[in-house]
Structures are given as C-alpha cells and as structure tokens.
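Going by my numbering, 1340 is the number at position 28 of the sequence shown; the sequence numbering is gapless.
Note that the Cβ used here is the ideal one computed from N, Cα and C, for glycine as well.
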Amino acid sequence: MQKEIEKKKALEALKEKIKSLTKYNEVVIVNDYDIDSCASASILWRILKKNGVNVKHITLSKGYEEIIAQKLKKMNPEKIVIVDYVPGRKFIDELSDMNITILDHHMHEEFLEKVDYYTTMDYIDLYAALSYWLYHAAKDFGIKNVEWLGRLGCFWDKCMENTEFYEKDIYKKEMEKMLPFNIMTSFSQTKGASKMVEIFDSSSSFEEAYEKVISDYDYIHAKKVFDEELQDVMFSRKAYPDIKLNIYFVKTRFKHMRVFVDYITYQSEGTQVFILNEITRFKFSFRTTLDINLVEILRKLAKKFPNFTGGGHKKACGALLFGENVEELLNEFIKEYKKAIQ
Ligand SMILES: [Mn+2]
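Set out below in structure tokens:
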C-alpha cells in the first residue's frame, strides 16, 4: 500500500517535469547507449513531438562527454534533457550556462542538484527502468502504444520482477528474442545506439523494431563477434562457490562489455564481477541476485582506493580503476563482500 502511494508520487512528479518540458520550442534529448536509455529517449521524443516541441536526439556514452558537450554548445538548444544517464561532474560544469534537465532512476547523486534533476529514487526505493516510468506517464500526454518500449527497457535493466511484466523464467524464455537489441547498441560507442533510437522512433511495435534490427548490416556483423567472444569470456571464469561469487575477465571488440555482463548474469544466481582491461584503466561491472547493497561496498572501496570510482544501483554497479592494483582491489572487494553476505 505504502509502495503504491510512493509509486504514484514518483509518477506525478515525472509528469510535472514532462509538462514543464512541453513549454519549450526546441529540446535536445541526450541518451546513453543502453536499451532503457534509447527506449526512454524514444518515448519522450513521442510525447514532446505530439505536444508541439521540435525534438532532436543525441547519443552520449562514457568517454564521449567532452565531444558531446562541445556539440551541445554549438547546437545551443533552448533545453537539454538527459535521460537515464549520470554524467560526470566535468560535463555538468562544462554546460553550466545551458538549460539542463536530467530524468533518471539511478541512486540520488548530490552533485547533480546543480541542474534540474529528477530521479525516481527520490520518491520510491523501487528499481524499475526509466522507460517504464515514461511509458506510464505517456498516456496523460496522448501517447499510446509504447508499452513494448517500457517492456524492453525493463528487460534489459533487469527489473521485470518489480513490474507487471514479470512472469516466471521470463529472462530465460525471452533472451533470444531480446538479445539482438542489446548486441546492436553495445557493439559501437554510440553509433548502434543512435540507430536504435531511430528504429524505435520509426516503429510502432516490438515486431517491427525487431525486424529492422536483425536485418541491419552492423547488427549481423556484431552478432558474429558476440558468438565468438562469448566462448572466451566463459572460459575466463574464476569461481568462488562457497561465497556464490564468480569473477570474469573480458576481452572484447564490443565497446560495451555490458552485452556479456547481461547475457551471463541473467542466467546466474549469486554475485558476478566482470573486469575489462582497457590498458589505461580497468572497467568493472558488478551484479548480484543476493540481498546486499553493491553501491555501499563500492563506496567503501573508493575510500580506500583513491584511483577507484563507481556507483549505480544496489544490485548492479559499474566502476573504473585507474591503475594496476586490480588484485589488491579484488581482495578488498571479497573482504567487504563477505561481510555483506553474512
Ligand atoms: Mn536505465
């Protein structure tokens, strides 16, 4: 009951935010590379367009913030809306003269209060995709037929269980059908995601979007690479069965290891850590199905290791380590992790 009230509050506040966006003549929507972010961008695009706003899309991703900041300055739109993405401090400072709104569902970050900032987490401790919230808000703005986008977002943000979309074994049952979307957006830094948003905008059903994805030349190439690389990733596994922990070392031509992270964790129980060696830094993904808070563990690690930074959701986090001390960090992680699962 309490949850229902909070859910309603989160939704009402989101609708207020959207309403404030419809006042502008031109809006640029900035999205991340993942499916939820692309789906969110497409739902918001539909809503704003229908309400007379001139809307453009831009895809962002970590490592591209400087380029995109310059691009946005040149475009100089009346309003910038960032969906489902937590930008770096520098990005926010760089664009301090511009009119920015952030629509998000990650854990609240204080430094984002500098701009107009909305996260569902301020209203409800419920992990649901941003596209899920936008799908539910869309009806009020005269947009129907976007349930499939919210559903896709929930599937790839792995939060079906917190929504009406959940059924038993849904991840296993639908993996093959959903996988092409994730492969397409993860192969390139931003190109696949831009294409994904375009496909979402121009499709009126899941089936239509699916057909467009699987017949895309870039997708066909990426699928081949995915099949080859998956074998190596599985082979790299270091298992700690007594504490339900697996550590994977990823080597990939994909720009985002998330495609492997998702594919493996969706079929796993316990906690999975993925490490990608990017030469100048190590990239981490943490996932768990256990009742622990990964964000808290990462915050503790960041205090001990100044060259380590990370965050995200309780059960899914990303992090970066600038340096060589991976082993030391992993040992510390295992120590904190053991405390947390007790
Ligand atoms: Mn998301």
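For this session: Would you kindly work out how many angstroms separate the C-alpha atoms of GLN1654 and ILE1555, rounded to a whole number?
Result: Sequence index remark: in the sequence shown, residue 1654 carries index 342 (1-based). Sequence index remark: in the sequence shown, residue 1555 carries index 243 (1-based). Their Cα atoms are separated by approximately 10 Å.
For this session: Counting only the same chain and skipping the five closest in sequence on each side, list residues whose C-beta sits under 6 Å from that of SER1352.
Result: As a working mapping, residue 1352 is identified with position 40 in the sequence shown. Same-chain partners within the cutoff: VAL1395, ASP1396, LEU1442, SER1443 and LEU1446.
Exercise. At what residue ranges does the segment 1568-1653 contain a whole run of the alpha helix (DSSP H), taking only runs of 4 or more?
Worked result: 1570-1577, 1606-1616 and 1638-1653
For this session: Run the CB neighbour count on SER1527, radius 10 Å, all protein chains shown included, and call it buried at 16 or more, exposed below.
Result: Here residue 1527 is taken as the residue at index 215 of the sequence shown, counted from 1. It counts as exposed.
For this session: Closer than 7 Å is what we want: which residues have a beta carbon that near any heavy atom of ligand 1? List them in chain order.
Result: ASP1346, ASP1348, SER1349, ASP1396, HIS1417, ALA1441, LEU1442, GLY1465 and ASP1469
Exercise. Roughly how many angstroms separate the alpha carbons of VAL1638 and LYS1374, rounded to a whole number?
Worked result: Counted from its first residue, the sequence shown places residue 1638 at position 326. Counted from its first residue, the sequence shown places residue 1374 at position 62. Each residue's Cα considered, the two are about 21 Å apart.
Exercise. Thinking C-beta only, is GLY1623 closer than 8 Å to LEU1632?
Worked result: In the sequence shown, the residue the question calls residue 1632 occupies position 320. In the sequence shown, the residue the question calls residue 1623 occupies position 311. Not in contact: LEU1632 and GLY1623 (Cβ atoms no closer than 8 Å).
Problem set entry | Three-state secondary structure assigned by DSSP to LEU1557 | Position 245 of the sequence shown, counted from the start, is the residue given in the question as residue 1557. In this structure, LEU1557 counts as strand in the three-state DSSP scheme.
For this session: Kindly confirm or deny that the segment 1567-1575 and the segment 1606-1620 touch, where touching means at least three C-beta pairs closer than 8 Å.
Result: no
Exercise. To the nearest angstrom, how far is it from the Cα of GLU1476 to the Cα of HIS1625?
Worked result: Here residue 1476 refers to the residue found at position 164 of the sequence shown. Here residue 1625 refers to the residue found at position 313 of the sequence shown. About 20 Å.
Problem set entry | For HIS1448, the three-state DSSP class (helix, strand or coil) | Counting from 1 along the sequence shown, the entry for residue 1448 is found at position 136. The answer is helix: DSSP assigns HIS1448 an H, G or I state.
For this session: Using beta-carbon positions only, say whether LEU1588 and TYR1649 come within less than 8 Å of one another.
Result: Position 276 of the sequence shown, counted from the first residue, corresponds to residue 1588. Position 337 of the sequence shown, counted from the first residue, corresponds to residue 1649. Contact flag unset, no.
For this session: Could you check if SER1517 is buried or exposed, using at least 16 other CB atoms within 10 Å of its CB as the buried criterion?
Result: Sequence index remark: in the sequence shown, residue 1517 carries index 205 (1-based). By the 10 Å Cβ count, SER1517 comes out exposed.
Exercise. What are the boundary residues of the beta strand (DSSP E) that includes ILE1412?
Worked result: Counted from its first residue, the sequence shown places residue 1412 at position 100. That run of the beta strand (DSSP E) goes 1412-1416.
Problem set entry | Continuous beta strand (DSSP E) stretch holding ILE1436: start and end | Along the sequence shown, read from residue 1 onward, the residue named residue 1436 stands at position 124. It is not in any beta strand (DSSP E) - ILE1436 carries neither H nor E in the DSSP assignment.
Exercise. Are at least three pairs of beta-carbons, each pair with one atom in the segment 1430-1437 and one in the segment 1377-1391, less than 8 Å apart?
Worked result: no
For this session: Note the first and the last residue of the continuous beta strand (DSSP E) segment covering ASN1366.
Result: For the purposes of this step, residue 1366 is taken as residue 54 along the sequence shown, with counting starting at 1. Run containing ASN1366: 1366-1371, per the beta strand (DSSP E) assignment.
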